[in-house]
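Below: one structure, written as structure tokens.
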Amino acid sequence: MTVQANATRSQRVWYMTLRGICALGFVFLLAPIVVIIPISFNEGSFLNYPLSGLSWRWYEAVLEPFPWMFALKNSLIVAVATTVIATTLGTLAAYGLSRADFPAKAIVFGILISPLAVPVVITALGIYFFFARVGLVHTHIGLILAHVALAVPFVVITVSATLQGFDWNLVRAAESLGASPLGTFRQITLPLILPGVLTGAIFAFVTSLDEIVVALFIAGPAQFTLPRQLFAGLRDLLEPSIVAIATILIVVSITLLAVVELLQSRRERIQGQARP
Amino acid sequence: MIVRADTVAATGEHSGRSLEAKLRAAQRRRKLKAVALVAPLFLFIIVVFVFPILSILYHSVDDPKLPLILPRTAEVVAQWDGGALPDEAAYEALVNDLRDAYEAKTAAVIGMRLNYEISGFRSMVMRTARRAKRIEEPPYQASLIGLDERWGEIEYWRAIKASSGPFTTRNLLAAVDLERRWDGSVGRAPPERTIYITYLTRTFWISLWVLVYCIAIGYPMAYLIATTTSQRLSRILLVLVLIPFWTSLLVRTAAWVVLLRSEGIINDFLVNVGMISEPLSLIFNRIGVYIAMVHILLPFLVLPLYAVMRNIPDSHMRAAGSLGARPVSAFLSVYLPQTLPGLAAGSLLVLILALGFYITPALVGGASDQMLGYLIAEFATRSGNWGMSSAVGVLLLLGVAVLYPVYRALLGRGAIRLV
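Below, the structure is given as structure tokens:
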């Protein structure tokens with residue numbers, strides 16, 4: 000978007016207006032995230048500027064065993080288990096689906112990613128009914144299973160996308176040289192699709208780490224995750240430790256975003272090599 | 000394994016058939032292997048996702064309580080036409096059923112079910128059930144009316160008939176502000192229950208306005224990112240959109256609460272610089288809902304738009320300009336049409352996601368800003384009314400479902416892209 004030298008006056012006005020809207024848009028997107036970070040280091044307990052001094056006291060509050068460390072532990076247990084299960088099941092399924100002759104491919108793919116297409120509050124309601132009947136409400140396992148259903152479409156999509164540029168001749172070559180199917184998968188296929196698998200795994204991890212609606216429906220006090228605890232905090236008492244935990248989560252998100260960007264460029268490079 | 004048709008044809012007839020058979024066997028094995036890889040996830044999704052969604056449809060019409068808890072009464076009212084008060088047999092059945100229900104401690108359950116029909120029914124059932132064992136002989140009708148004169152009013156009996164299951168349309172009808180009368184006709188529900196259409200239209204209006212704001216801000220942003228001549232700057236701007244996209248929804252909502260409160264950062268700033276004297280109400284109302292929802296959904300509009308705009312050569316606009324088109328008409332007739340697929344993709348994504356919002360309005364909205372998702376959660380987790388929460392769920396699901404054919408028609412398969 001550049002303004003040409005011979006632009007008329009009204010063109011310049013348009014151009015400046017557009018730039019103004021864009022600037023406002025970016026400020027709008029980033030300001031809330033940027034503004035709350037310094038407040039987490041405030042010495043006083045007011046969630047406002049000017050800061051009355053710098054301190055780590057709210058981070059120390061976060062380190063107290065209850066409620067934040069307890070919630071963090073629950074979140075990590077659920078998110079790690081979700082990631083492992085979703086990545087394994089999702090990668091296997093995407094690998095099987097990528098075979099050219101898979102029966103009813105489009106329909107099966109559609110069903111596997113269908114949890115993305117339904118509002119989460121509806122999924123949560125259905126899972127709540129089902130889990131209430133089989134005794135999985137208020138259990139970690141129940142929460143993990145529900146999160147796998149929400150997270151696994153991301154794995155299927157990212158791994159399928161990576162497999163689209165995959166050269167099956169490499170697998171045939173390995174097999175004709177006497178490699179076992181498992182050996183071929185581990186030594187040939189997996190290293191090549193690894194960026195897609197890891198991207199899917201990160202999406203699965205973030206999905207579980209952020210998930211709140213299902214947690215509201217089926218988690219008991221013993222399964223309170225970070226989002227569930229944040230929800231309770233925002234409803235009842237807005238205290239600075241919420242801002243400290245928010246800052247920590249922002250740092251985690253940005254780190255994971257950076258990793259995904261790296262994996263993305265690596266994937267593009269591998270696919271570029273595969274199709275010269 | 001690759002076997003070419005010509006090699007099969009070149010070999011002798013006998014070995015050719017065996018090669019063909021071998022090929023078919025190998026292909027069958029490969030197919031089985033592929034199916035075996037997909038099967039675990041497929042079954043998982045069927046059990047943990049598809050089955051629960053179907054169970055919502057079932058629960059929206061399921062009404063098993065009365066025949067289970069008051070079996071004799073259910074049988075009698077099934078024969079009753081609802082025109083005049085039922086006879087002594089119905090009262091006898093009810094007395095016996097309520098006595099049994101009280102002993103089985105199920106009277107509260109059926110009381111709650113009947114309370115959906117007429118409020119106050121629950122306490123009436125509980126009180127009658129407690130005293131039912133004192134009524135040992137006829138006349139049952141006179142004794143029951145003696146306990147509570149409302150047993151002589153026909154509306155309560157019609158409510159029992161309406162609840163006699165095992166399936167009901169009351170929840171689905173109630174979700175669109177209708178009710179079935181005792182004579183089978185369908186009419187508008189009484190005013191105290193006609194809240195659902197209000198929620199439905201509000202949900203659509205909020206989603207639509209969020210979409211309008213997203214387009215107003217997001218279209219220029221995507222345009223800027225796509226047309227910036229510096230690759231590096233374009234990449235940085237894209238990451239600036241991705242950062243909020245990746246930040247937890249709860250974190251962003253918390254940030255808005257800190258910013259928008261009456262004693263929050265924005266109000267403090269505006270008061271301090273003297274622009275306002277009284278804090279503005281920016282949160283726990285519709286303004287707060289719009290701000291937080293647009294913030295969460297804006298990247299979903301910008302990213303697909305950017306993906307389309309990136310592939311539009313800027314020579315098109317230059318050509319239009321050199322052929323004499325003024326900037327506005329060049330934009331409208333050359334640029335905008337080419338961005339429509341991206342605009343449609345982003346818009347539908349925003350709309351579909353917005354319709355299902357629940358957490359954000361619950362945290363930054365007021366009582367009159369809640370959407371359908373809130374009703375679903377309230378009914379399911381607070382009042383334990385599975386029937387109504389399912390019926391509202393079906394309503395929301397239908398609202399989203401009508402948008403999907405549009406989405407697919409405009410974009411075809413592979414419409415979902417992540418990065």
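Line order of the protein sequences matches chains A and B. In this text, residue positions in the first sequence follow numbering that gives the first Met the number 0: the first is 0, and each later residue adds one. In this text, residue positions in the second sequence follow numbering that gives the first Met the number 0: the first is 0, and each later residue adds one. Ideal Cβ placement from N, Cα and C applies to all residues, glycine included.
CB of residue i within 8 Å of CB of residue j, strictly
i, j, result
"A/Leu262", "A/Pro194", "yes"
"B/Thr380", "A/Phe216", "yes"
"B/Leu395", "B/Leu354", "yes"
"A/Leu233", "B/Leu362", "yes"
"A/His137", "A/Gly199", "no"
"B/Ile264", "A/Tyr48", "yes"
"B/Ile282", "B/Leu259", "yes"
"B/Arg187", "B/Thr193", "yes"
"B/His58", "A/Phe128", "yes"
"B/Thr246", "A/Ile244", "no"
"B/Tyr101", "B/Gln140", "no"
"B/Leu297", "B/Leu352", "no"
"B/Gly372", "B/Val301", "no"
"B/Ile242", "A/Gly125", "no"
"B/Gly164", "B/Pro63", "yes"
"A/Val212", "A/Val120", "yes"
"A/Pro203", "A/Ser159", "Strictly speaking, residue 203 of chain A in this sequence is Ala, with Pro absent from that position. Cβ atoms of A/Ala203 and A/Ser159: not closer than 8 Å."
"A/Val155", "A/Gly89", "yes"
"B/Leu199", "B/Leu350", "no"
Residue burial classification, residue i (beta-carbon count within 10 angstroms, cutoff 16)
i, result
"B/Asp80", "exposed"
"B/Pro138", "exposed"
"A/Gln228", "buried"
"A/Gln222", "buried"
"A/Arg11", "exposed"
"A/Val205", "buried"
"B/Ser332", "exposed"
"B/Gly11", "Because B/Gly11 sits at a pLDDT of 47, beneath the cut-off of 50, its placement in the model cannot be relied upon, and the following sentence gives the value as read from the coordinates. When all chains shown are included, B/Gly11 counts as exposed."
"B/Ser118", "exposed"
"A/Leu225", "buried"
"A/Gly254", "Residue identity check: residue 254 of chain A is Thr in the sequence provided, not Gly. Exposed, since its Cβ has fewer than 16 Cβ neighbours within 10 Å."
"A/Thr16", "exposed"
"B/Val405", "exposed"
"B/Val37", "buried"
"A/Ala172", "exposed"
"B/Phe43", "buried"
"A/Val149", "For clarity, residue 149 of chain A is Leu in the given sequence; the question names Val instead. A/Leu149 comes out buried."
"B/Met308", "buried"
"A/Leu46", "buried"
"B/Ala35", "exposed"
"B/Arg455", "Given that chain B is displayed from residue 0 to residue 418, the structure contains no residue 455 of chain B and the question cannot be resolved."
"A/Glu210", "buried"
Cutoff 6 Å; reference residue i; Cβ partners in own chain excluding five residues on either side
i, result
"B/Val2", "Its pLDDT being 45, under 50, B/Val2 is placed unreliably in this model, and the value from its coordinates should be taken loosely. Around B/Val2: Leu22."
"B/Arg98", "Ala131, Lys132"
"A/Gly52", "Glu42"
Chain-ordered chain B contacts of residue i [CB-CB under 8 Å]
i, result
"A/Val12", "Neighbours of A/Val12 on chain B: none; closest Cβ ~11 Å, over 8 Å."
"A/Phe230", "Leu249, Ile358, Leu362"
"A/Asp166", "Those do not exist, as A/Asp166 stays about 14 Å from chain B at its closest Cβ, beyond 8 Å."
Neighbouring residues, chain A, relative to residue i (Cβ below 8 Å)
i, result
"B/Met316", "Simply none; closest approach about 10 Å."
"B/Asp368", "Result: empty, since nearest Cβ-Cβ is about 15 Å, beyond 8 Å."
"B/Ser388", "Leu124"
Chain B residues whose Cβ lies nearer than 9 Å to that of residue i
i, result
"A/Ile253", "Ile242, Trp245, Thr246"
"A/Phe106", "The sequence shown places Ile at residue 106 of chain A, not Phe. Result: empty, since nearest Cβ-Cβ is about 11 Å, beyond 9 Å."
"A/Ser113", "Ile44, Phe48, Val49, Ile52"
Neighbour list for residue i in chain A, Cβ cutoff strictly below 7 Å
i, result
"B/Ser54", "Gly125, Phe128, Phe129"
"B/Phe50", "Phe129"
Proximal chain B residues relative to residue i, where beta-carbon distance stays under 7 Å
i, result
"A/Val61", "The premise fails here: A/Val61 is roughly 14 Å from chain B at the closest Cβ pair, so nothing lies under 7 Å."
"A/Ile143", "Under the 7 Å cutoff, chain B gives no residues; its nearest Cβ is about 10 Å from A/Ile143."
Under 9 Å from the C-beta of residue i: neighbouring residues of chain A
i, result
"B/Met220", "Ile20, Cys21, Gly24, Phe25, Leu28"
"B/Ala379", "Ala123, Leu124, Tyr127, Phe128, Phe216"
Cβ-based neighbour list, residue i, same chain, cut-off 7 Å, excluding 5 preceding and 5 following
i, result
"B/Ala376", "Tyr357"
"A/Gly141", "Phe130, Leu135, Ile217"
"B/Asp5", "The pLDDT assigned to B/Asp5 is 46, lower than 50, so where the model puts this residue is not dependable, and the model offers no usable value."
"A/Ser240", "Trp57, Ala60, Val61, Trp67"
Does the segment 83–98 of chain B come into contact with the segment 149–163 of chain B, if we say contact requires no fewer than three beta-carbon pairs (one atom in each stretch) closer than 8 Å? yes
Is the segment 382–401 of chain B touching the segment 318–331 of chain B, taking contact as three or more C-beta pairs under 8 Å? no
Examine the Cβ distances between the segment 361–376 of chain B and the segment 213–231 of chain B and report whether three or more of them are shorter than 8 Å. no
Specify whether the segment 105–116 of chain A and the segment 176–191 of chain A touch according to this definition: at least 3 beta carbon pairs, one from each stretch, less than 8 Å apart. no
Does the segment 335–342 of chain B come close enough to the segment 226–233 of chain B that 3 or more CB-CB pairs lie under 8 Å? no
Under 8 Å, with one C-beta from each stretch per pair, do the segment 145–162 of chain A and the segment 75–95 of chain A reach the 3-pair mark? yes
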